Each structure stands twice: as C-alpha cells, then as structure tokens.
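Each remark here refers to the structure printed beneath this line.
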Amino acid sequence: VQLQASGGGLVQPGGSLRLSCAASGSIFSDNIMGWYRQAPGKQRELVSTIRTGGGTNYAASVKGRFTISRDNAKNTVYLQMNSLKPEDTAVYYCRLIWGAYDYWGRGTLVTVSS
Numbered sequence: 049v050q051l052q053a054s055g056g057g058l059v060q061p062g063g064s065l066r067l068s069c070a071a072s073g074s075i076f077s078d079n080i081m082g083w084y085r086q087a088p089g090k091q092r093e094l095v096s097t098i099r100t101g102g103g104t105n106y107a108a109s110v111k112g113r114f115t116i117s118r119d120n121a122k123n124t125v126y127l128q129m130n131s132l133k134p135e136d137t138a139v140y141y142c143r144l145i146w147g148a149y150d151y152w153g154r155g156t157l158v159t160v161s162s
C-alpha cells in the first residue's frame with residue numbers, strides 16, 4: 049500500500065488549502081484514514097481522522113476550520129483547511145489504518161506566512 053499526498057504550499061494567514069491523499073494497493077474496505085502534522089521542533093500530532101463509514105475526529109485546534117472527507121471508491125482522503133494561521137505551519141502526513149496494518153505517506157509542507 050502506498051499513500052500519495054498532495055496540495056501543500058505557501059498561503060497567507062486567513063487563506064485556504066486543500067490536501068489530498070490517495071491510497072493505492074490492496075486495501076481492506078473498513079479502515080481509518082487521517083491527517084497528522086509535525087511542526088519544526090515539535091512532535092507529530094493528530095489533525096483529523098475519518099472512518100470508512102464517515103465518522104470523524106478533529107483536534108481541538110482545527111475544529112471549525114478544517115474539514116476532512118473521503119471518497120471510498122477512490123481510496124482518497126481530503127483535508128479542506130480554511131482560516132489558516134501561522135501556527136498551522138507544518139509537514140502534513142497522511143495515514144491509513146486497517147486491522148493490524150498502519151501506513152504513512154510522505155509529508156506535504158504547508159506554510160502559512162505573510
């Protein structure tokens with residue numbers, strides 16, 4: 049299984065970005081996909097997750113600003129990020145969990161700066 053993330057970049061405070069992560073390979077249908085991030089000098093942290101059935105979970109710091117969604121037919125998860133703040137600057141990583149399997153994609157850098 050491989051995870052390919054895209055959509056990062058440089059955006060001004062208050063702006064928006066949309067991240068995508070496509071999973072390829074043999075994937076069990078009942079899984080959790082999500083986004084984590086790691087800022088310079090900090091530990092990796094949860095941003096948001098979404099189950100196959102649509103149940104979601106958000107970090108308190110992004111609730112109300114970020115929206116996670118997924119297309120199960122495409123094994124793709126999205127993260128719509130609005131009202132971005134400088135403290136959202138980080139490398140964002142995609143993750144796929146099903147059963148005992150745990151996969152991480154390469155990160156995509158999001159920089160929020162004026």
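Using the numbering used here, you'd call the opening residue of the sequence shown number 49 and step up by one each time. Don't be surprised by glycine CBs; every beta carbon is placed ideally from N, CA and C. From a predicted model like this one, the values you see are computed outputs, not experimental measurements.
The beta strand (DSSP E) with residue i in it runs from where to where?
{"i": "Thr-115", "result": "114-119"}
{"i": "Gln-86", "result": "80-86"}
{"i": "Ala-108", "result": "No beta strand (DSSP E) contains Ala-108, which DSSP labels as neither H nor E."}
{"i": "Ser-96", "result": "93-99"}
{"i": "Gly-73", "result": "Neither: Gly-73 is in no beta strand (DSSP E) and is coded neither H nor E."}
{"i": "Leu-51", "result": "50-54"}
{"i": "Leu-144", "result": "138-146"}
{"i": "Leu-127", "result": "124-129"}
Work out the CA separation of residue j and residue i for me, nearest whole Å.
{"i": "Asp-150", "j": "Thr-104", "result": "18 Å"}
{"i": "Ala-87", "j": "Thr-159", "result": "10 Å"}
{"i": "Tyr-141", "j": "Ser-68", "result": "10 Å"}
{"i": "Gly-63", "j": "Ser-117", "result": "19 Å"}
{"i": "Tyr-126", "j": "Arg-66", "result": "7 Å"}
{"i": "Gln-91", "j": "Ile-80", "result": "21 Å"}
{"i": "Gly-101", "j": "Lys-122", "result": "14 Å"}
{"i": "Pro-61", "j": "Leu-51", "result": "28 Å"}
How would you call residue i, buried or exposed, if buried means at least 16 neighbouring beta carbons within 10 angstroms?
{"i": "Gly-147", "result": "exposed"}
{"i": "Ala-108", "result": "exposed"}
{"i": "Asp-136", "result": "buried"}
{"i": "Gly-153", "result": "buried"}
{"i": "Ser-54", "result": "exposed"}
Who are residue i's beta bridge partners in DSSP?
{"i": "Arg-154", "result": "Note: Arg-154 sits in no beta bridge, so no partner."}
{"i": "Ala-59", "result": "Per the sequence presented here, residue 59 reads as Val, with Ala not at that position. Beta-bridge pairing links Val-59 to Val-160."}
{"i": "Leu-67", "result": "Leu-127"}
Within the 7 Å Cβ cut-off, does residue i reach chain C?
{"i": "Leu-157", "result": "No chain C appears in this structure, which consists of one protein chain only."}
Taking the alpha carbon of residue i as the point to measure from, which residue in the options has its own alpha carbon closest?
{"i": "Ser-162", "options": "Leu-51, Gly-57, Gln-50", "result": "Gly-57"}
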